[in-house]
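J.: In this note's numbering, the protein residues as written are 2 to 500.
Here is the structure:
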């Protein structure tokens, strides 16, 4: 019953969320009002909380009791649960004070770990759901990549979308990244954010905030966003901000999606970065060729040995690295090579850069991935995007995370790959599956492997196929292919940079 829920929640918050002192009385009264409880009740056995570091069990019970007692409907009970855990959590200022105290006494890495752990314990990062994602490392390729089929952010059903049409839309907050999300109650269209917490910081004289992603794709997946709701942009100040961030928090990498559609991220109207405490496949690449420039003699500038053309700049001085990167960007934005389909402008700009930064052996390392979003009649989704033949596996934009070798694939693949596995085992025919999207894939696999495979073999066949498709996509996005023409024009670009 709800009286037991209240006592369990209070006990959990005292153990995990730093609920203490007078705040306990205050929060208890807040929840008593929410639950229509008028008298104190202390007969609950709270021993179950002793071993809990995540609230999943409590949330399951709480959600059922809230629905059974008429406080919420099953489809929107998550809004009330988020509100309750927001009540149980430290206030934004209390949280920030705790973060700063740990940062000063134990160091930045300890503070970031506390931040991450707290957001798991107060259910903002739903770690148990994230752990259901299917993830594997694929080493049997030219360069290793990682693949994740994301189940923690479910696709909406058509019935859900139809309901949303009946909900009045609000322009507050303007987007998912605005600071006004702090404490936002949420609705059927916008996610609740009662439990989110920010850490403010200053980058290149501007106010920014650090938060963690609720759908963590890797360890300590973080988002750094501007105080202002302004469009994504890649310029010299972008490079400086990234470099300054990793100077502040050297255990993290930080990168920016490109500022153009197709090659950029899903949110282009609010300047933000993504990073975290994780080593992505791109960072494991070796240098393939070094370029030397008299004006930038203190920098080590190399082309990486990777699927797509990436320039790596290593040095000690933020201003020097940013100035060099800015020169590269400005020259590339006007660099044309029709022989390799690279046209920088038509009626709009097509060329830009995806920058990523981290600290390596106490030096700054800035990675510059060359991008172009032009389309044509053959590749309507983008010449340097996942090509049409790969859209059955991945059609969404290829942002910085995928460009660094970690592919986030849609949950639809789980059921659809199971059906194709059944075909490879001879349990059903291609005609019974009847899905045109996968017709060519199925034909290719049947010709190569037949339909007498074991369950385990069929799973391995599909994993290999998905991995090779992702590998091809990384080759697709490369503006300067790893061939004679690609190398010729990359060298020509570098020559212009040195002029």
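Note that the Cβ used here is the ideal one computed from N, Cα and C, for glycine as well.
Can you give, in chain order, each stretch of the alpha helix (DSSP H) that sits fully within the stretch 97 to 149 and has at least 4 residues?
T.: As far as the stretch 97 to 149 is concerned, its whole alpha helix (DSSP H) runs of at least 4 residues are 109 to 122 and 128 to 131.
J.: Taking the straight line between their C-alpha atoms, what separation do you get for residue 266 and residue 478?
T.: Here residue 266 refers to the residue found at position 265 when the chain shown is read from its first residue. Here residue 478 refers to the residue found at position 477 when the chain shown is read from its first residue. Between residue 266 and residue 478, the C-alpha separation is close to 14 Å.
J.: I think residue 481 touches residue 354, with their Cβ atoms under 8 Å apart; what is that distance to the nearest whole Å?
T.: In the chain shown, residue 481 corresponds to position 480, counting from 1. In the chain shown, residue 354 corresponds to position 353, counting from 1. About 13 Å separates the two Cβ atoms, so there is no contact after all.
J.: In the stretch 216 to 255, which residue ranges form an unbroken alpha helix (DSSP H) of at least 4 residues, counting only runs that do not cross its ends?
T.: Listed in chain order, the complete alpha helix (DSSP H) runs (minimum 4 residues) inside the stretch 216 to 255 are 237 to 249.
J.: Whole angstroms is fine: what's the gap from residue 102's alpha carbon to residue 489's?
T.: For the purposes of this step, residue 102 is identified with residue 101 of the chain shown, where counting begins at 1. For the purposes of this step, residue 489 is identified with residue 488 of the chain shown, where counting begins at 1. Cα to Cα, the separation comes out at about 54 Å.
J.: Rounding to the nearest angstrom, what Cα-Cα distance links residue 207 and residue 327 in this structure?
T.: Residue mapping note: residue 207 aligns to position 206 of the chain shown, counting from 1. Residue mapping note: residue 327 aligns to position 326 of the chain shown, counting from 1. Cα-Cα distance, rounded: 19 Å.
J.: When DSSP labels each residue in this structure, what does residue 488 get in the three-state scheme?
T.: Locating residue 488 in the chain shown gives position 487, counting from the first residue. Helix at residue 488.
J.: Who are the near neighbours of residue 96 in its chain, counting only those whose CB is closer than 6 Å to its CB and skipping five residues on each side?
T.: Within the chain shown, residue 96 is the residue found at index 95, counting from 1. 198.
J.: In whole angstroms, what separates the C-alpha of residue 22 from that of residue 123?
T.: For the purposes of this step, residue 22 is taken as residue 21 along the chain shown, with counting starting at 1. For the purposes of this step, residue 123 is taken as residue 122 along the chain shown, with counting starting at 1. One C-alpha to the other measures close to 19 Å.
J.: Give the straight-line distance between the Cα atoms of residue 410 and residue 39, rounded to the nearest whole angstrom.
T.: Taking the first residue of the chain shown as position 1, residue 410 is located at position 409. Taking the first residue of the chain shown as position 1, residue 39 is located at position 38. Taking the straight line from one Cα to the other gives about 49 Å.
J.: Cutting at 6 Å between CB atoms, please list the residues of its own chain near residue 372, excluding the five before and the five after it.
T.: As a position in the chain shown, residue 372 is number 371, starting the count at 1. These residues qualify, in order along the chain: 259, 264, 353 and 355.
J.: Out of 256, 56 and 80, state which residue places its alpha-carbon closest to the alpha-carbon of residue 67.
T.: Taking the chain shown and counting its residues from 1, the one referred to as residue 67 is at position 66. Closest by alpha carbon: 80.
J.: Secondary structure at residue 160, three-state DSSP: helix, strand or coil?
T.: What you label residue 160 is simply residue 159 of the chain shown in a count that begins at 1. Per-residue confidence for residue 160 stands at a pLDDT of 43, beneath the threshold of 50, marking its modelled position as unreliable; no derived number is given.
J.: Quick check on the burial criterion: 16 or more other C-beta atoms within 10 angstroms. Buried or exposed for residue 133?
T.: Numbered from its first residue, the chain shown carries residue 133 at position 132. When all chains shown are included, residue 133 counts as exposed.
J.: Per the DSSP calculation, residue 356 is bridged to which residue(s)?
T.: The residue labelled residue 356 in the question sits at position 355 within the chain shown. Per DSSP, 369.
J.: Which one of 286, 26 and 82 has the shortest CA to CA distance from residue 3?
T.: Numbered from 1 along the chain shown, position 2 holds the residue referred to as residue 3. Closest option to residue 3, Cα to Cα, is 82.
J.: When burial is assigned at 16 or more other CB atoms within 10 Å of the CB, is residue 88 buried or exposed?
T.: Numbered from its first residue, the chain shown carries residue 88 at position 87. When all chains shown are included, residue 88 counts as buried.
J.: Going by DSSP, what residues sit across from residue 273 in a beta bridge?
T.: Position 272 of the chain shown holds residue 273. Its beta-bridge partners are 226.
J.: Taking the alpha carbon of residue 58 as the reference point, which residue from 127, 77 and 30 has its own alpha carbon closest?
T.: Counting from one through the chain shown, the residue named residue 58 turns up at place 57. Ranking 127, 77 and 30 by Cα distance to residue 58 puts 127 first.
J.: For residue 214, I'd like the list of residues in its chain whose CB is within less than 6 Å of its CB, leaving aside the five on either flank, ordered along the chain.
T.: Taking the first residue of the chain shown as position 1, residue 214 is located at position 213. These residues qualify, in order along the chain: 222 and 224.
J.: Rounding to the nearest angstrom, what Cα-Cα distance links residue 515 and residue 35 in this structure?
T.: Residue 515 lies beyond the stretch modelled for the chain, which goes from 2 to 500, so this question has no answer here.
J.: Would you mind stating whether residue 358 and residue 249 have Cβ atoms separated by less than 8 Å?
T.: Position 357 of the chain shown, counting from 1, holds the residue named residue 358. Position 248 of the chain shown, counting from 1, holds the residue named residue 249. Not a contact, by the Cβ cut-off of 8 Å.
J.: Whole beta strand (DSSP E) runs in the stretch 389 to 460 with 3 or more residues, listed along the chain?
T.: Segments of the beta strand (DSSP E) lying fully in the stretch 389 to 460: 407 to 410.
J.: Beta-carbon separation of residue 216 and residue 226 under 8 Å?
T.: The residue given as residue 216 occupies position 215 in the chain shown. The residue given as residue 226 occupies position 225 in the chain shown. It is not a contact, given that the beta carbons lie outside the stated cut-off.
J.: Just to confirm, is the Cβ distance from residue 334 to residue 315 under 8 Å?
T.: In the chain shown, the residue the question calls residue 334 occupies position 333. In the chain shown, the residue the question calls residue 315 occupies position 314. No, they are not a contact pair.
J.: Determine contact between the stretch 267 to 277 and the stretch 440 to 451, defined as no fewer than three beta-carbon pairs at a distance below 8 Å.
T.: Contact fails: fewer than three Cβ-Cβ distances are below 8 Å.
J.: Beta-carbon within less than 6 Å of residue 237's beta-carbon, same chain only, minus the 5 sequence neighbours each way: which residues are those?
T.: What you label residue 237 is simply residue 236 of the chain shown in a count that begins at 1. Result list for residue 237: 323 and 327, in chain order.
J.: If you count every other CB in all the chains shown that lies within 10 Å of the CB of residue 276, and 16 or more means buried, which is it?
T.: Reading the chain shown from its first residue, position 275 is the one you call residue 276. By the 10 Å Cβ count, residue 276 comes out buried.
J.: Ignore the nearest five residues each way along the sequence and tell me which others in residue 368's own chain have a CB closer than 6 Å to its CB.
T.: By one-based count along the chain shown, residue 368 stands at place 367. Contacts found: 311, 313 and 357.
J.: What are the start and end residues of the beta strand (DSSP E) that includes residue 264?
T.: Numbered from its first residue, the chain shown carries residue 264 at position 263. Where residue 264 is concerned, there is no enclosing beta strand (DSSP E), given that its DSSP letter is neither H nor E.
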